[in-house]
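Residue numbers (the numbering used here), protein chains in the order written: chain A, 1 to 109; chain B, 110 to 222.
Beta carbons: idealized from backbone N, C-alpha and C, even for Gly.
The model shown is predicted, which means the values in this text are computed figures rather than measured ones.
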């Protein structure tokens, strides 16, 4: 099956800083999604982004499907951005998600 | 409000015991899923079900069992055959046949004592 690698594994930011998280895939991706897991374990869907660029407030994401990677941008980070960010590919057969290992983000005040 | 409810939030199990984790959704979603998360790692698929009375094994099904007797419910049993059951378990649902609308529950943290 497809392998999903995320980098960096850990990220410490000062409040207000910008950052970029990366997701690499071993095979073609069709339905890339980004999730945020808060410190209490709740997973929230941030973006469905099979290709192109999307923005939602201070977050934006870009997927270059032909080169098998996606980027998540966090601008003007806030302490509430802390948690783990996952990318995942959704396969249409069974609607199953294959997750990367995540990037753990800590935003310090 | 529509959503997914997992219970209990915390569960302690003695070695050799079976335990059942509850997952209920009122989103009218056809598909439901169970994922396992170990500390510092991503999620791995245990079982999934696309319709009532049908389910398939995921990547790490050994030592687990499920049932799907109702559309709203997809309980997961962690059996004594699961050698390392301590983990965070997340249930999810999706409309099925679509590529968006994935919704997760808040999780159950299982600890073997």
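Compile a chain-ordered list of the residues in the stretch 183-216 of chain B whose CB is closer than 7 Å to at least one CB of chain A.
-> 197, 199, 203, 205, 208, 209, 211, 213, 215 and 216
Using a cut-off of 7 Å between C-beta atoms, extract the partners of residue 43/A located in chain B.
-> 199 and 213
Does any residue of chain B bring its CB to less than 8 Å from the CB of residue 24/A?
-> no
Is the Cβ of residue 54/A closer than 8 Å to any Cβ of chain B?
-> no
Decide if residue 83/A is buried, meaning its Cβ has at least 16 other Cβ atoms within 10 Å, or exposed.
-> buried
Note down, in chain order, every chain B residue with its Cβ under 8 Å from the Cβ of residue 96/A.
-> 142, 154, 157 and 167
Amino acids of chain A, ordered along the chain, whose beta-carbon sits closer than 8 Å to that of residue 172/B | Those do not exist, as residue 172/B stays about 19 Å from chain A at its closest Cβ, beyond 8 Å.
Enumerated in chain order, which unbroken segments of the alpha helix (DSSP H) with a length of 4 residues or greater are wholly contained in the stretch 183-220 of chain B?
-> none
Residue from 202/B, 168/B and 126/B whose Cα sits closest to the Cα of residue 214/B | 202/B
Hey, would you say residue 49/A sits closer than 8 Å to residue 36/A, going by beta carbons?
-> no
So who's on the other strand from residue 45/A, going by DSSP bridges?
-> 35/A
Does residue 101/A come within less than 8 Å of chain B when only Cβ atoms are used?
-> yes
Per-residue contacts from residue 150/B into chain A (C-beta, under 8 Å) | 101 and 102
For residue 182/B, which of 120/B, 130/B and 122/B has the nearest alpha-carbon?
-> 130/B
Have a look at 98/A, 81/A and 30/A and flag the residue whose alpha-carbon is nearest the alpha-carbon of residue 109/A.
-> 81/A
Residue 95/A and residue 205/B look like a contact to me (Cβ under 8 Å); what is the Cβ gap, rounded to whole Å?
-> 6 Å
Between the CA atoms of residue 85/A and residue 143/B - distance to the nearest angstrom = 19 Å
From residue 160/B to residue 113/B, what distance separates their C-alpha atoms?
-> 17 Å
Expressed to the nearest angstrom, what Euclidean distance is found between the alpha-carbon atoms of residue 1/A and residue 116/B?
-> 31 Å
Where residue 163/B falls: helix, strand or coil (DSSP) | strand
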